[in-house]
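Report on the following structure.
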Amino acid sequence: MADDSTNYEVAKSPVNVTNTFGDANKAAARLIKPNAILYTSALLSWLQPFQSGWSTSQMNLSQYNDTDQCNARPVAEGTCLMFPGHSKLEWTFAVNAWIFGAMVGSLCCGHFSDKYGRKKTLMGNCAFIIVGGVVQTVVSNIWVFSAGRLIAGLASGTATATIGSYVNELSPPHMRNTLGLGLQIFTTIGILFPAIAFFFANTSSGWRYLAGFPVVLGVVYLLLAPTMCVESPAWLLTQGRTEEAKQVIARLYGEQHVQTALSWLEVSKKPENAEEGLAASKKESMFDPRYRLQLLTGILLSCCQQLSGINAVFYYSGSIFSDAGISDSRVGTLVIDFINIWPAFFAGVLANRFGARNMILWGLAGMVVMSLGMTVAFIVDVSVLSIVFTALYVVVFGMSLGPLVWVMTADIFPDSIRASASSLCIGINWLCNLIVGVSYPYVSDALNDYAYVPFVVLLAIFYLLALKMVPETSGKSAEEIQAEYDSRREQ
1 MADDSTNYEV AKSPVNVTNT FGDANKAAAR LIKPNAILYT SALLSWLQPF
51 QSGWSTSQMN LSQYNDTDQC NARPVAEGTC LMFPGHSKLE WTFAVNAWIF
101 GAMVGSLCCG HFSDKYGRKK TLMGNCAFII VGGVVQTVVS NIWVFSAGRL
151 IAGLASGTAT ATIGSYVNEL SPPHMRNTLG LGLQIFTTIG ILFPAIAFFF
201 ANTSSGWRYL AGFPVVLGVV YLLLAPTMCV ESPAWLLTQG RTEEAKQVIA
251 RLYGEQHVQT ALSWLEVSKK PENAEEGLAA SKKESMFDPR YRLQLLTGIL
301 LSCCQQLSGI NAVFYYSGSI FSDAGISDSR VGTLVIDFIN IWPAFFAGVL
351 ANRFGARNMI LWGLAGMVVM SLGMTVAFIV DVSVLSIVFT ALYVVVFGMS
401 LGPLVWVMTA DIFPDSIRAS ASSLCIGINW LCNLIVGVSY PYVSDALNDY
451 AYVPFVVLLA IFYLLALKMV PETSGKSAEE IQAEYDSRRE Q
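Residues in the sequence shown are numbered consecutively from 1, following the UniProt record's numbering.
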């Protein structure tokens with residue numbers, strides 16, 4: 001590359017350009033055509049949420065865990081295919097060890113993401129993907145298998161907490177909704193593929209191939225990321241590595257667009273001495289009163305997404321459809337998982353057209369209706385209605401809470417605290433996921449056909465809270481979003 005001082009002499013410190021992102025820069029940003037490195041960086045990072053989706057559904061085959069078959073003594077051949085004779089407690093632990101690991105991973109990764117950068121964090125995360133996959137594949141004991149699930153969960157949590165920030169910081173404002181959907185899209189594709197594999201993996205050893213596949217994803221990322229991914233320029237700026245950030249921006253958008261790109265990065269330079277650094281770190285803590293509303297909004301969004309009950313469908317759809325009278329639960333699961341993919345492709349267009357906030361609100365309202373429909377279908381015991389309302393429930397989620405919560409969680413925080421704040425919010429997201437995963441089988445046993453009524457109540461409460469707390473973020477710069485929060489605090 002040519003002398004940086006020649007190429008970038010007009011570029012200003014991000015501290016000075018933060019307040020310049022007006023209409024002129026918005027128009028200029030929309031004219032930028034990103035280079036291929038932006039798309040390869042995002043695409044490769046999405047291999048990791050694919051692993052998360054895969055882990056979500058890899059055990060969701062009734063032949064792996066039919067309670068009556070697994071409790072039978074002796075266990076009949078061709079039944080209870082995973083660890084024959086396991087108890088309900090052991091299975092629940094194995095399912096939820098992954099979720100617990102994800103919660104821990106998402107809570108802890110913010111420190112590493114801030115210290116070492118987004119790219120290095122994702123590369124290091126591949127070690128957990130690979131080790132978790134290997135352990136699950138080779139073991140013969142369900143408790144050791146659960147340990148492998150926990151390790152894989154650490155990887156899933158780190159990915160979901162890091163990739164939203166990473167892609168957000170690579171993307172121009174007008175593309176953040178669209179590119180931000182990749183996390184959800186690849187998660188849903190990851191959920192679908194095991195459902196297809198269940199038609200071939202319903203053997204005593206088939207589950208091992210499902211458990212081992214994520215190893216391939218980790219290896220592919222490690223091989224390609226060094227040359228096909230870039231570090232977040234926003235993170236480089238916060239570290240005071242301004243020239244490196246400019247070089248990355250030039251690779252992403254071209255040298256002629258460095259100034260415009262700097263104008264949408266809402267960051268501060270790294271302090272030059274330890275005393276200033278300590279003061280700045282205290283000032284920029286995510287628990288600073290200035291960021292209280294943002295943090296509460298992020299936590300609310302995470303609770304909305306997971307306590308909606310969506311993962312009760314994906315973790316236990318085999319049991320749900322079996323209870324609904326569908327003879328081959330694999331068919332119902334495959335239909336739901338296939339339908340789950342497509343709404344996210346339209347969510348970006350709809351969010352750009354109607355606003356992400358409105359899509360969140362409409363999604364919450366729609367899921368209330370569909371949850372009621374599912375309950376009625378279970379009560380009247382009509383299998384077709386069970387599939388229809390469950391499918392519509394998944395569609396509404398897939399166009400609203402599913403993809404947009406990840407996007408908005410990254411949007412509402414400034415670059416200086418995004419990694420740590422997103423880490424906390426996504427950690428709570430996984431905690432709520434864990435609560436659903438552990439409690440739903442027991443809630444279902446207690447309430448039978450009314451098992452989704454608690455979700456109806458929660459969704460209605462979340463709608464009222466979101467109506468009050470969630471701002472619009474679509475198409476806005478980080479500065480504009482923070483200005484809106486500043487205005488809210490003054491009211």
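Even for Gly, the Cβ is constructed at its ideal location relative to N, Cα and C.
Bear in mind the structure is a predicted one, so any value in this text is a computation, not a measurement.
Quick check on the burial criterion: 16 or more other C-beta atoms within 10 angstroms. Buried or exposed for residue i?
i: Phe-287; result: exposed
i: Ala-234; result: buried
i: Pro-74; result: exposed
i: Pro-289; result: exposed
i: Arg-353; result: exposed
i: Leu-122; result: buried
i: Pro-226; result: exposed
i: Gly-101; result: buried
i: Arg-489; result: exposed
i: His-111; result: exposed
i: Asn-65; result: buried
i: Lys-468; result: exposed
i: Gln-256; result: exposed
i: Leu-223; result: exposed
i: Lys-115; result: exposed
i: Leu-89; result: exposed
i: Leu-464; result: exposed
i: Glu-77; result: exposed
i: Val-456; result: buried
i: Ile-360; result: buried
i: residue 507; result: The displayed coordinates of the chain run from 1 to 491. Any statement about residue 507 would go beyond what the structure contains.
i: Lys-33; result: exposed
At the level of alpha carbons, what is the spacing between residue i and residue j?
i: Glu-169; j: Val-144; result: 38 Å
i: Phe-128; j: Gln-491; result: 46 Å
i: Asn-177; j: Asp-68; result: 46 Å
i: Val-396; j: Leu-447; result: 24 Å
i: Ala-451; j: Phe-200; result: 31 Å
i: Pro-403; j: Pro-441; result: 26 Å
i: Leu-301; j: Asn-141; result: 37 Å
i: Tyr-247; j: Val-215; result: Tyr is not the amino acid found at residue 247; the sequence shown has Gln there. Cα to Cα, Gln-247 sits roughly 33 Å from Val-215.
i: Ala-42; j: Ser-232; result: 11 Å
i: Ser-487; j: Pro-414; result: 16 Å
i: Val-436; j: Leu-458; result: 12 Å
i: Val-470; j: Arg-357; result: 6 Å
i: Leu-295; j: Ile-412; result: 9 Å
i: Leu-385; j: Asp-449; result: 13 Å
i: Val-438; j: Glu-472; result: 34 Å
i: Gly-332; j: Ile-387; result: 7 Å
i: Gly-164; j: Gly-180; result: 7 Å
i: Thr-137; j: Ala-250; result: 43 Å
i: Ala-419; j: Ile-481; result: 17 Å
i: Ala-377; j: Gln-63; result: 25 Å
i: Val-443; j: Thr-92; result: 13 Å
i: Glu-479; j: Leu-262; result: 12 Å
i: Ile-185; j: Ile-339; result: 12 Å
i: Gly-53; j: Tyr-291; result: 31 Å
i: Val-453; j: Phe-462; result: 14 Å
i: Ser-157; j: Ala-312; result: The question names Ser, but residue 157 is Gly in the sequence shown. Straight-line Cα distance between these residues: approximately 18 Å.
Write down the C-beta distance between residue i and residue j rounded to the nearest angstrom, noting that I regard them as a contact closer than 8 Å.
i: Leu-81; j: Asn-202; result: 7 Å
i: Ile-336; j: Ala-391; result: 6 Å
i: Thr-416; j: Glu-284; result: It should be noted that the sequence gives Ser, not Thr, for residue 416. That belief holds up - the Cβ atoms of Ser-416 and Glu-284 are roughly 5 Å apart, short of 8 Å.
i: Leu-401; j: Gly-363; result: 5 Å
i: Ala-398; j: Thr-188; result: Per the sequence presented here, residue 398 reads as Gly, with Ala not at that position. Contact holds; Cβ gap of about 7 Å.
Assign residue i to one of three DSSP states: helix, strand, or coil.
i: Asn-60; result: coil
i: Lys-246; result: helix
i: Ile-428; result: helix
i: Cys-80; result: coil
i: Ile-310; result: helix
i: Ile-412; result: coil
i: Phe-100; result: helix
i: Phe-199; result: coil
i: Gln-136; result: helix
i: Lys-120; result: helix
i: Tyr-452; result: coil
i: Phe-287; result: coil
i: Ala-234; result: helix
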